[in-house]
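All remarks here apply to the structure that follows.
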Amino acid sequence: MQLKITVVAGDGIGPEVTREAVSILRAVAELNGHQFTYTDMPIGGVAIRQHGSPLPAATLDASLASDAVLLGAVGGNEFNSLPPSQRPEAGLLQLRQALGGFANLRPSIAYPALAGNSPLRPEVTEGANILFVRELLSGLYFGSPRSWNKDTGVALNTMYYTREEVLRVARVAFEQARKRRKKVTSVDKANVLEVSQLWRAAVTEVAAEYPDVTLEHQYVDACAMHLMNTPRNFDVVLAENLFGDILTDEAAVITGSLGMLPSATVGGKVNLYEPVHGSAPDIAGTGKANPLGAILTAAMLLRHSAGLEQDALAVESAVNNVLSQGHRTTDIARSGQPGQQSGQHIVSTQEMGKLVFAALHEIFNRKQALHAV
Ligand SMILES: NC(=O)c1ccc[n+]([C@@H]2O[C@H](COP(=O)([O-])OP(=O)(O)OC[C@H]3O[C@@H](n4cnc5c(N)ncnc54)[C@H](O)[C@@H]3O)[C@@H](O)[C@H]2O)c1
Numbered sequence: 113m114q115l116k117i118t119v120v121a122g123d124g125i126g127p128e129v130t131r132e133a134v135s136i137l138r139a140v141a142e143l144n145g146h147q148f149t150y151t152d153m154p155i156g157g158v159a160i161r162q163h164g165s166p167l168p169a170a171t172l173d174a175s176l177a178s179d180a181v182l183l184g185a186v187g188g189n190e191f192n193s194l195p196p197s198q199r200p201e202a203g204l205l206q207l208r209q210a211l212g213g214f215a216n217l218r219p220s221i222a223y224p225a226l227a228g229n230s231p232l233r234p235e236v237t238e239g240a241n242i243l244f245v246r247e248l249l250s251g252l253y254f255g256s257p258r259s260w261n262k263d264t265g266v267a268l269n270t271m272y273y274t275r276e277e278v279l280r281v282a283r284v285a286f287e288q289a290r291k292r293r294k295k296v297t298s299v300d301k302a303n304v305l306e307v308s309q310l311w312r313a314a315v316t317e318v319a320a321e322y323p324d325v326t327l328e329h330q331y332v333d334a335c336a337m338h339l340m341n342t343p344r345n346f347d348v349v350l351a352e353n354l355f356g357d358i359l360t361d362e363a364a365v366i367t368g369s370l371g372m373l374p375s376a377t378v379g380g381k382v383n384l385y386e387p388v389h390g391s392a393p394d395i396a397g398t399g400k401a402n403p404l405g406a407i408l409t410a411a412m413l414l415r416h417s418a419g420l421e422q423d424a425l426a427v428e429s430a431v432n433n434v435l436s437q438g439h440r441t442t443d444i445a446r447s448g449q450p451g452q453q454s455g456q457h458i459v460s461t462q463e464m465g466k467l468v469f470a471a472l473h474e475i476f477n478r479k480q481a482l483h484a485v
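With the sequence shown counted from 1, adding 112 to any position gets you my numbering.
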């Protein structure tokens with residue numbers, strides 16, 4: 113398998129966590145004979161400093177010419193006084209737009225070893241493994257007209273969807289469900305909104321193409337409650353842009369830490385892979401950043417751009433194993449228990465990366481030994 117990956121590590125902890133993610137990709141490639149090539153390009157604050165633009169043309173060109181883009185994070189305090197269009201974040205928004213992905217995939221997984229980190233009780237989160245598919249390019253965030261008339265005191269936004277926009281994102285959700293537990297929960301507010309009625313009709317239309325996948329519809333308010341009460345009942349959750357934005361953040365509490373969350377944006381010219389967290393300037397350079405979100409993002413890249421499901425699963429198992437052994441970056445350590453207390457071993461960004469690397473080697477060695485028998 114050959115894959116051209118553009119790496120845009122960005123600012124703050126971006127380069128620190130991306131380094132560990134790339135080292136895991138290198139390990140997978142080496143162990144299984146894949147040929148992955150990496151092109152490092154600047155984005156965000158580092159690109160402003162070097163080239164005067166948060167998304168230099170060369171970065172955009174390299175991204176568009178690759179098979180996948182792996183991003184760290186952008187943003188830094190020194191740029192906070194600039195107008196939004198000149199800030200590091202503008203580079204990421206421009207990149208997302210140029211790559212054109214319309215489906216944002218965000219897993220929400222309860223890792224048994226981190227059960228104590230979620231504000232939800234372990235018996236509630238146990239077994240939860242949800243994949244959110246959020247429509248990303250339409251809906252309330254992009255609909256027009258939009259306005260705020262300060263004289264009249266009236267503001268207006270438009271929730272807008274075409275049938276085609278819903279069909280294409282629904283197909284992504286059903287395709288994913290087919291590879292998982294074969295259930296799609298489509299979220300809407302069809303009891304109130306015409307846009308949701310169109311959404312529901314279009315999703316139902318797509319469901320007919322996937323008779324092996326069960327479709328259920330939930331109103332967004334009910335879904336918000338069920339996600340917290342019975343998260344393990346969900347498999348793939350399909351939502352329009354605004355509802356998806358809110359529900360994915362709500363469901364992040366199932367995992368318990370921002371540093372653990374990966375994401376992928378697919379469906380456009382080139383898929384974009386990025387951990388959910390930002391550049392965390394408060395801990396940049398301290399070795400405290402959790403690289404597992406970035407490493408799990410690399411696993412998504414293996415799954416969704418390379419079609420290497422077994423390798424993606426191996427990376428995810430390696431992460432699980434390292435957590436089960438008690439290794440923790442500070443964000444996922446139980447508070448008040450520094451050092452080696454309570455079976456936890458606090459490690460740095462780099463050490464965590466090395467532990468996952470070693471666990472991955474172990475998994476592949478075991479597989480090879482099994483094949484040899
Ligand atoms: N996709 C992106 O690049 C992205 C996303 C969100 C925010 N940002 C930018 O990042 C900067 C900081 O934003 P913020 O503080 O609101 O959000 P943030 O995600 O950077 O940090 C929020 C909190 O979570 C912690 N945290 C985040 N990731 C972590 C990790 N991997 N390991 C351990 N702890 C982690 C941070 O230390 C901080 O306390 C801003 O400039 C913002 O615009 C970028």
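Quick reminder that beta carbons are idealized off the backbone N, C-alpha and C, glycines included.
Test item: CB-CB of residue i and residue j under 7 Å
i, j, result
"K381", "L211", "yes"
"F469", "A139", "yes"
"I312", "H338", "According to the sequence provided, residue 312 is Arg. The question's Ile does not apply to it. No, the pair does not count as a contact, with Cβ atoms beyond the cut-off."
"A336", "V315", "no"
"A222", "T237", "yes"
"T342", "A401", "no"
"A411", "A430", "no"
"P168", "G187", "no"
"A376", "L217", "yes"
"V332", "K301", "yes"
"A240", "I366", "yes"
"P219", "L243", "yes"
"Y385", "L414", "no"
"S175", "T130", "no"
"Q422", "G438", "no"
"G368", "L226", "yes"
"V325", "F286", "yes"
"L115", "D179", "yes"
"P166", "G213", "no"
"A363", "L373", "no"
"S391", "A185", "yes"
Coil, strand or helix - residue i by DSSP
i, result
"H473", "helix"
"Q449", "Model confidence at Q449 stands at a pLDDT of 44, short of 50, so the residue's coordinates are unreliable and nothing is read from them."
"D324", "coil"
"D347", "coil"
"K116", "strand"
"A180", "strand"
"Q209", "helix"
"E362", "helix"
"D123", "coil"
"T274", "coil"
"Y253", "helix"
"I242", "strand"
"K295", "strand"
"T151", "strand"
"P234", "helix"
Given residue i as reference, the closest of the options once Cα atoms are compared
i, options, result
"G379", "T360, Q209, I358 and Q162", "Q209"
"G122", "S259, L248 and A396", "A396"
"L370", "D443, S429 and V434", "D443"
"D357", "E247, S165 and V134", "E247"
"S197", "P257, E235, G156 and P387", "G156"
"S230", "G203, P195 and A445", "A445"
"E128", "K466, A484 and N477", "K466"
"K479", "V266, N144 and R131", "N144"
"H389", "L413, L420, A406 and G399", "A406"
"L327", "A334, V318 and D333", "V318"
"T88", "A481, A180 and V245", "Limits of the chain in this structure are 113 at one end and 485 at the other, which puts residue 88 out of reach."
"A471", "L413, I136, V119 and I117", "I136"
"V299", "V278, P234 and G438", "V278"
"E321", "V304, R290, N303 and T297", "R290"
"Y253", "L232, Y273, G213 and Y385", "Y273"
"E190", "G251, R161, G203 and L115", "R161"
"Q288", "H439, G419 and N477", "G419"
"L207", "M153, A481 and F476", "M153"
"L404", "V459, T264, A170 and R280", "V459"
"E142", "D173, H483, L482 and N477", "N477"
"M340", "L408, V434 and E235", "E235"
"G251", "K294, V284 and E306", "E306"
Those residues which DSSP pairs with residue i across a bridge
i, result
"T377", "N216 and L384"
"S259", "L268"
"D300", "Y331"
"E247", "A215"
"N192", "Per DSSP, none; premise fails for N192."
"I221", "N241"
"A185", "G122"
Residue ranges of each alpha helix (DSSP H) within the region 394 to 468, 4 or longer: 404 to 416 and 421 to 436
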